[in-house]
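Here's the structure we're looking at; comments come further down.
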Amino acid sequence: MRCGRMPRGSGVVILLGFLLAIALAAWGDVTSDPTGDASFESRVIGVARQLRLGISVASFAVAAPTIQDLRLHAQQLINLLEGSEGRHYIPPEGGDSVAIGLLAEVASWADRFQEVDVEPPLRVRWGVAARNVHAYLTIALDAALSILTERRFDAASTTMFRIYAYLAAAYEQPTGAPAIPALKTVLRGLGIVEPTRDR
Amino acid sequence: MLRLRLRAKGLGIVLLLVAVLSAIGAFLAVHQFSDLLFDAFRDRSIAYVQAFATSIDPWLDPLDVDMLRAASTLMMAGSSLFVCLEADGETIVHELPEGLQEGGLERGAEASGLMSSTTDAWSRLPDGSRFLDVTAPLSGVSRGFVRIGIDPAAVALQSRHTAVLAAGAAALFALLVSGAILWNARRPEAGVSDADSVQEPRRLVTGSLAIDLDAKAVTLGGKPVALTPKQFHLLRFLAGRADRVCSDREILDAVWPGSAYADGKDVKQYIYLVRRRLAAVDAREKGRIETVPGFGYRLVSTLVDREMTGE
Numbered sequence: 001m002r003c004g005r006m007p008r009g010s011g012v013v014i015l016l017g018f019l020l021a022i023a024l025a026a027w028g029d030v031t032s033d034p035t036g037d038a039s040f041e042s043r044v045i046g047v048a049r050q051l052r053l054g055i056s057v058a059s060f061a062v063a064a065p066t067i068q069d070l071r072l073h074a075q076q077l078i079n080l081l082e083g084s085e086g087r088h089y090i091p092p093e094g095g096d097s098v099a100i101g102l103l104a105e106v107a108s109w110a111d112r113f114q115e116v117d118v119e120p121p122l123r124v125r126w127g128v129a130a131r132n133v134h135a136y137l138t139i140a141l142d143a144a145l146s147i148l149t150e151r152r153f154d155a156a157s158t159t160m161f162r163i164y165a166y167l168a169a170a171y172e173q174p175t176g177a178p179a180i181p182a183l184k185t186v187l188r189g190l191g192i193v194e195p196t197r198d199r
Numbered sequence: 200m201l202r203l204r205l206r207a208k209g210l211g212i213v214l215l216l217v218a219v220l221s222a223i224g225a226f227l228a229v230h231q232f233s234d235l236l237f238d239a240f241r242d243r244s245i246a247y248v249q250a251f252a253t254s255i256d257p258w259l260d261p262l263d264v265d266m267l268r269a270a271s272t273l274m275m276a277g278s279s280l281f282v283c284l285e286a287d288g289e290t291i292v293h294e295l296p297e298g299l300q301e302g303g304l305e306r307g308a309e310a311s312g313l314m315s316s317t318t319d320a321w322s323r324l325p326d327g328s329r330f331l332d333v334t335a336p337l338s339g340v341s342r343g344f345v346r347i348g349i350d351p352a353a354v355a356l357q358s359r360h361t362a363v364l365a366a367g368a369a370a371l372f373a374l375l376v377s378g379a380i381l382w383n384a385r386r387p388e389a390g391v392s393d394a395d396s397v398q399e400p401r402r403l404v405t406g407s408l409a410i411d412l413d414a415k416a417v418t419l420g421g422k423p424v425a426l427t428p429k430q431f432h433l434l435r436f437l438a439g440r441a442d443r444v445c446s447d448r449e450i451l452d453a454v455w456p457g458s459a460y461a462d463g464k465d466v467k468q469y470i471y472l473v474r475r476r477l478a479a480v481d482a483r484e485k486g487r488i489e490t491v492p493g494f495g496y497r498l499v500s501t502l503v504d505r506e507m508t509g510e
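Chains as they are written, first to last, in this note's numbering: chain A, 1 to 199; chain B, 200 to 510.
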């Protein structure tokens with residue numbers, strides 16, 4: 001039966017196609033996101049950008065001229081941390097709403113890390129990092145909520161400074177992030193070279 | 200009656216003075232506090248804008264317009280009326296109120312030049328409301344600046360609250376001081392009248408002898424008796440204790456108080472002189488002051504006619 005026979009050379013084509021498929025799969029495995037989810041990386045970047053925005057807000061809110069301004073910026077940070085599904089979320093007037101809050105997003109990372117094809121120690125380390133980020137953000141949220149009911153201006157300003165510190169810690173010393181003048185400013189002002197290690 | 204009227208008039212003037220002084224004090228305090236409040240607001244607003252300019256630094260090089268806009272949107276809340284952001288000659292955010300935009304931006308043009316330090320000035324919106332216009336340079340970019348208008352409404356409200364509180368405090372102060380003055384004015388008057396009516400009668404009358412304490416005059420049966428001040432005091436003292444024996448010591452303490460030199464001889468001498476002055480008007484009055492041997496002297500209220508009794 002001629003119809004039952006394969007054309008001549010088709011076996012070679014199939015073999016080549018099979019080899020090409022294996023090569024493409026291998027290439028894809030090397031270049032793709034280790035989480036196996038390409039959008040996860042962009043979500044992490046999104047969290048980083050939102051967090052830097054939060055650090056920025058906290059850094060200028062510390063110098064806010066009135067307690068009303070401090071409360072408004074505290075609410076902005078609450079919105080950023082809780083998202084539109086949060087208990088304390090208040091949509092800004094005419095502003096963009098935050099779809100998902102930083103806290104919820106970071107909390108979801110633990111499950112995603114389970115699906116990542118990385119060495120177990122690295123997965124554990126990422127898990128610890130995510131928990132730490134979540135812990136710092138939770139403390140920052142508590143502090144921001146306390147500003148809403150604070151009546152003393154100086155106390156509210158000090159609390160905003162604490163929020164800045166917690167957010168900066170959550171980011172783990174962001175490079176080039178806005179900094180509130182502190183010890184480094186004094187060191188630079190006095191012309192003292194920053195010590196790199198203890199003797 | 201006239202004295203009472205004058206007293207009431209004086210009191211009214213004092214109370215009016217207290218009210219006026221309280222009002223002036225409250226006004227000055229509010230004015231001073233308001234100045235301090237606005238100065239502090241200005242300092243904080245400048246720091247606020249400078250902090251914002253520093254906080255957006257990471258997104259200037261390379262220029263991250265999305266983040267700059269996001270940060271500016273978050274800054275545009277509360278006291279911030281508008282935010283203008285320019286970097287490298289590019290307008291990133293331009294959120295000026297309509298009226299202000301039409302009214303001209305002379306400071307914007309100035310700010311877009313080579314700015315090296317923060318500038319601030321009080322300006323007015325087209326509707327007449329005041330705001331603090333602060334422009335701060337952006338580091339790391341050429342011709343970069345951020346200009347923010349800060350609304351002092353919250354501070355103005357605080358200032359008004361303070362004024363109301365100060366006015367209340369001034370009114371309370373005026374009320375308390377007025378009350379104290381009135382209380383003080385009422386009390387001594389009662390005290391004086393009571394004391395005078397019991398201990399210091401304005402007029403002492405003993406038989407035909409009358410002593411006017413206000414006029415410091417003595418009359419005997421309507422005729423004046425000329426006395427020196429010391430003699431007057433001696434007679435007054437004895438008349439105040441009519442029919443009672445007064446010792447030399449009592450008389451010395453009352454008429455020569457605190458004197459280390461006066462003694463019984465002076466008392467005796469002055470008793471003699473007063474008797475003479477009284478007798479000069481009416482010879483019978485010589486016996487008005489009796490000597491009680493071993494005890495002292497006594498002014499008798501009723502004279503016994505010596506001739507009638509045969510003494």
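Don't be surprised by glycine CBs; every beta carbon is placed ideally from N, CA and C.
If I measure Cβ to Cβ from residue i and keep anything under 7 Å in the same chain, skipping five residues before and after, which residues do I get?
{"i": "Arg200/A", "result": "This structure gives no information on residue 200/A, because the portion of chain A shown stretches from 1 to 199."}
{"i": "Ser322/B", "result": "Phe330, Asp332"}
{"i": "Leu137/A", "result": "Leu81, Leu102, Leu103, Val106, Ala170"}
{"i": "Ala482/B", "result": "none"}
{"i": "Tyr205/A", "result": "Any answer about residue 205/A is impossible in this case: the structure gives chain A only from 1 up to 199."}
{"i": "Leu419/B", "result": "Ser407, Leu408, Leu477, Val480, Asp481, Glu484"}
{"i": "Val30/A", "result": "Note on Val30/A: pLDDT 39, under 50, position unreliable in the model; the coordinate value appears next. So no residue of the chain qualifies."}
{"i": "Val376/B", "result": "Val217"}
{"i": "Ile291/B", "result": "Val264, Leu267, Arg268, Leu284, Glu285"}
{"i": "Arg487/B", "result": "Leu408, Leu477, Leu498, Val499, Leu502"}
{"i": "Val47/A", "result": "Leu102, Glu105, Val106"}
Please classify residue i as buried or exposed, where buried requires at least 16 other C-beta atoms within 10 Å of its C-beta.
{"i": "Pro325/B", "result": "exposed"}
{"i": "Tyr166/A", "result": "buried"}
{"i": "Asp69/A", "result": "buried"}
{"i": "Leu235/B", "result": "exposed"}
{"i": "Ser254/B", "result": "buried"}
{"i": "Glu93/A", "result": "exposed"}
{"i": "Glu150/A", "result": "buried"}
{"i": "Pro91/A", "result": "exposed"}
{"i": "Val219/B", "result": "exposed"}
{"i": "Leu77/A", "result": "buried"}
{"i": "Arg188/A", "result": "exposed"}
{"i": "Leu356/B", "result": "exposed"}
{"i": "Ile245/B", "result": "buried"}
Beta-carbon within less than 8 Å of residue i's beta-carbon, same chain only, minus the 5 sequence neighbours each way: which residues are those?
{"i": "Lys415/B", "result": "Pro428, Phe431"}
{"i": "Phe237/B", "result": "Pro351, Val354, Ser358"}
{"i": "Thr501/B", "result": "Gly406"}
{"i": "Gly339/B", "result": "Asp256, Leu259, Asp260"}
Going by beta carbon distance, what residues of the same chain come within less than 6 Å of residue i, once the five residues before and after it are set aside?
{"i": "Leu141/A", "result": "Leu81"}
{"i": "Arg342/B", "result": "Gly288"}
{"i": "Ala368/B", "result": "none"}
{"i": "Ser278/B", "result": "Ile349, Asp350"}
{"i": "Ala366/B", "result": "Ala225"}
{"i": "Ala362/B", "result": "Val229"}
Locate the beta strand (DSSP E) running through residue i, then write down its first and last residues.
{"i": "Asp168/B", "result": "Residue 168/B falls outside the range modelled here, since chain B spans only 200 to 510, and no answer is possible."}
{"i": "Phe344/B", "result": "344-349"}
{"i": "Tyr496/B", "result": "495-498"}
{"i": "Glu289/B", "result": "289-293"}
{"i": "Leu403/B", "result": "402-405"}
{"i": "Leu419/B", "result": "416-419"}
{"i": "Asp411/B", "result": "408-411"}
Please list the terminal residues of the continuous alpha helix (DSSP H) segment that includes residue i.
{"i": "Arg112/A", "result": "102-114"}
{"i": "Trp153/B", "result": "Absent from the structure is residue 153/B, since the part of chain B shown begins at 200 and ends at 510."}
{"i": "Pro423/B", "result": "Run containing Pro423/B: none in the alpha helix (DSSP H); it sits in the beta strand (DSSP E), 422-424."}
{"i": "Ser278/B", "result": "Note, Ser278/B: premise wrong, no alpha helix (DSSP H); not H, not E."}
{"i": "Glu489/B", "result": "It is not in any alpha helix (DSSP H) - Glu489/B instead sits in the beta strand (DSSP E) that spans 488-491."}
{"i": "Asp447/B", "result": "447-454"}
{"i": "His134/A", "result": "120-149"}
Taking 8 Å as the threshold, find out whether the region 461-469 of chain B comes into contact with the region 402-411 of chain B through three or more Cβ pairs. Result no; under three Cβ-Cβ pairs closer than 8 Å.
Where the region 225-257 of chain B meets chain A: residues whose CB sits under 7 Å from a CB there: Residues are counted here when their Cβ sits less than 7 Å from a Cβ of chain A; for the region 225-257 of chain B these are Phe240, Arg243, Ser244, Ala246, Tyr247, Ala250, Phe251, Thr253, Ser254, Ile255, Asp256, Pro257, given in chain order.
Between the region 471-481 of chain B and the region 449-460 of chain B, are three or more C-beta pairs nearer than 8 Å? No, the region 471-481 of chain B is not in contact with the region 449-460 of chain B.
At least three beta-carbon pairs within less than 8 Å, the region 151-158 of chain A to the region 113-125 of chain A: Between the region 151-158 of chain A and the region 113-125 of chain A there are fewer than three C-beta pairs closer than 8 Å, too few to call the two in contact.
Proximal residues, the region 259-278 of chain B versus chain A, C-beta separation under 8 Å: Shown in chain order are the members of the region 259-278 of chain B whose Cβ falls below 8 Å from a Cβ of chain A: Met266, Ala269, Ala270, Thr272, Leu273, Met274, Ala276, Gly277, Ser278.
Chain-ordered residues of the region 335-366 of chain B with a beta carbon less than 8 Å from chain A: From the region 335-366 of chain B, only Ile349, Ala353, Val354 have a Cβ closer than 8 Å to chain A.
Between the region 276-292 of chain B and the region 334-349 of chain B, do three or more beta carbon pairs fall short of 8 Å? Result yes; three or more Cβ-Cβ pairs closer than 8 Å.
Kindly confirm or deny that the region 483-495 of chain B and the region 434-447 of chain B touch, where touching means at least three C-beta pairs closer than 8 Å. The region 483-495 of chain B and the region 434-447 of chain B touch, with no fewer than 3 CB-CB distances between them shorter than 8 Å.
Which residues, in chain order, does the region 60-72 of chain A contribute to contact with chain B at a C-beta distance below 9 Å? Cβ contacts with chain B come from Phe60, Ala61, Val62, Ala63, Ala64, Pro65, Thr66, Ile67, Gln68, Asp69, Leu70, Arg71, Leu72.
Report the residues of the region 76-89 of chain A with a CB closer than 8 Å to any CB of chain B, ordered along the chain. Cβ proximity to chain B below 8 Å picks out Gln76 from the region 76-89 of chain A.
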